[in-house]
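A short write-up of the structure that comes next.
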Amino acid sequence: MGVVVGALALASVLFSPHAATAGPGASLSSAVLASASAPNHRAALSLGRTLFDENCSSCHGVSAQGSALGPNLRGLGAGTVDLWVSSGWMPLANPAIQPIRKPALFDRAQTTSIAQYVASLAPGGLPIPKVDLAGANSAEGFSVFALNCAPCHTVTGAGDALADGLSAPSLHGVTATQVAEAVRTGPGNMPRFSTFTISPTQLTDVVDYVTKHIEHPSSPGGLSLGGVGPVAEGFVGLFVGVGVCVLIALWIGDRNEREDTDGHGDAHSPPGGEPPSGSEPEVAHA
Ligand code: HEC
Ligand code: HEC
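Under numbering that gives the first Met the number 0, think of the first position of the sequence shown as 0, with each following residue one higher.
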């Protein structure tokens with residue numbers, strides 16, 4: 000448990016400044032993001048409305064204002080809604096558990112129309128991003144990933160458990176749009192990254208890295224870290240190494256605290272109880 004708490008503390012120390020600097024306007028000014036316009040906007044909105052009424056309004060309310068079963072969606076923007084629906088997180092079967100990735104219930108056009116309908120109800124939020132990967136630098140993208148994403152999603156993108164039964168999902172098979180949406184909107188327990196933390200160019204790079212190099216590992220076997228060269232790979236070694244040391248230190252600290260507490264309560268220790276293995280035997284019995 001100490002390790003988990005430590006990991007969470009480490010993550011929050013590392014990422015809280017990012018969350019703090021992420022202003023609503025900042026996430027909108029990205030050059031790679033542009034509103035995706037449907038050919039027939041009016042028809043899309045009416046389809047979106049029908050699908051929303053049938054599949055979402057029971058929890059989110061008839062005008063997306065929220066209810067006891069689901070949060071307010073007004074002002075969220077099409078990008079957030081698109082991410083939650085396209086990754087199969089919504090509609091949710093059980094509101095009590097963390098949404099998990101499952102096959103999306105709706106096709107692309109249906110998903111977009113739901114997103115546009117919700118966005119049309121109130122201004123604000125992020126439009127569905129359009130990502131152009133021409134000219135992206137995946138080596139640079141790897142550095143961005145190692146620094147900002149690997150602590151939760153792991154350096155291979157396989158995902159990992161976080162505290163309290165939550166987990167950072169695997170990134171295998173995510174689309175470019177989903178990566179951009181996740182980075183800029185920060186779903187669930189993921190922090191939102193503003194353009195100050197990850198610039199529009201860096202976003203393009205990291206999207207390129209995640210969608211091309213995590214999805215299609217180029218070198219089978221071993222941990223190649225994308226084969227982007229010794230500097231970046233050494234950096235990851237350093238980052239992971241330091242992180243592990245911190246976690247071990249936190250874990251040892253936690254153990255010592257518990258053992259100290261035990262040491263004072265002689266009445267609670269079993270007769271002839273041995274000192275906990277691995278600790279220096281204390282002379283506790285007069
Ligand atoms: C069974 C109830 C339920 C249904 C049905 C449902 N949702 Fe949700 N929705 C939730 C709950 C609960 C959350 C909060 C989940 C969380 O934060 O872990 C949520 C979260 C969301 C979010 C993220 C909100 C935010 O603040 O980031 C979006 C977007 C969303 N839902 C869209 C939809 C759409 C669109 C549909 C229909 C296709 C839908 N939901 C159907 C219960 C539901
Ligand atoms: C503090 C941990 C954390 C960090 C750091 C983090 N993520 Fe996430 N990420 C999550 C969690 C948790 C979710 C699942 C969201 C939820 O709870 O519903 C997620 C979801 C995602 C998804 C959606 C996956 C899907 O199944 O559709 C993508 C894509 C993603 N993250 C990419 C990134 C990228 C790229 C970065 C770095 C720029 C990053 N994440 C940094 C925790 C994190």
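For each residue, glycine too, the CB sits at the ideal point set by N, CA and C.
Cross-strand partners of residue i (DSSP beta bridge)
i, result
"Ala167", "Asp159"
Host alpha helix (DSSP H) of residue i (start-end)
i, result
"Leu46", "40-54"
"Ile113", "107-120"
"Ala67", "First-last for Ala67: undefined, no H or E at that position."
"Leu146", "137-147"
"Thr297", "Missing from the structure shown is residue 297; the chain here goes from 0 to 285 and no further."
"Arg287", "Residue 287 lies beyond the range of the chain shown here (0 to 285); nothing can be said about it."
"Leu82", "77-85"
Cβ-based neighbour list, residue i, same chain, cut-off 8 Å, excluding 5 preceding and 5 following
i, result
"Gly76", "Ala118, Gly123, Gly124, Leu125, Pro126, Thr184"
"Val61", "Asp52"
"Ile197", "Val143, Asn147, Val182, Val205"
Spatial neighbours of residue i in its chain, beta-carbon cut-off 7 Å, leaving aside the 5 residues before and after
i, result
"Gln115", "Ala37, Ala43, Leu44, Gly47, Ala77"
"Ala166", "Residue identity check: residue 166 is Ser in the sequence provided, not Ala. Closer than 7 Å at Cβ, skipping near neighbours: Gly158, Asp159, Ala160."
"Arg73", "Ala63, Gln64, Leu120, Ala121"
"Lys101", "Gly87"
Closer than 7 Å: residue i CB and nearest ligand 4 heavy atom
i, result
"Gln64", "In the structure shown, ligand 4 is absent; the only ligands present are ligand 1 and ligand 2."
Close beta carbons around residue i, own chain, < 6 Å, minus the five adjacent residues each side
i, result
"Thr111", "none"
"Thr210", "Ala175"
"Trp83", "Met89"
"Ser169", "Ala157, Gly158"
"Ala92", "none"
"Leu68", "Cys58, Pro94"
"Asn54", "Pro90"
"Cys151", "Ala167"
"Gln201", "Val143"
"Asn71", "Gln64, Gly65"
"Gly134", "none"
Residue-chain proximity (residue i, chain B), Cβ-Cβ < 8 Å
i, result
"Leu170", "Among the chains in the structure shown there is no chain B, since it carries only a single protein chain."
Across the stretch 50-57 and the stretch 99-114, are there enough close Cβ pairs to call them in contact, namely three or more that are closer than 8 Å?
By the Cβ rule, the stretch 50-57 counts as touching the stretch 99-114, because three or more pairs are nearer than 8 Å.
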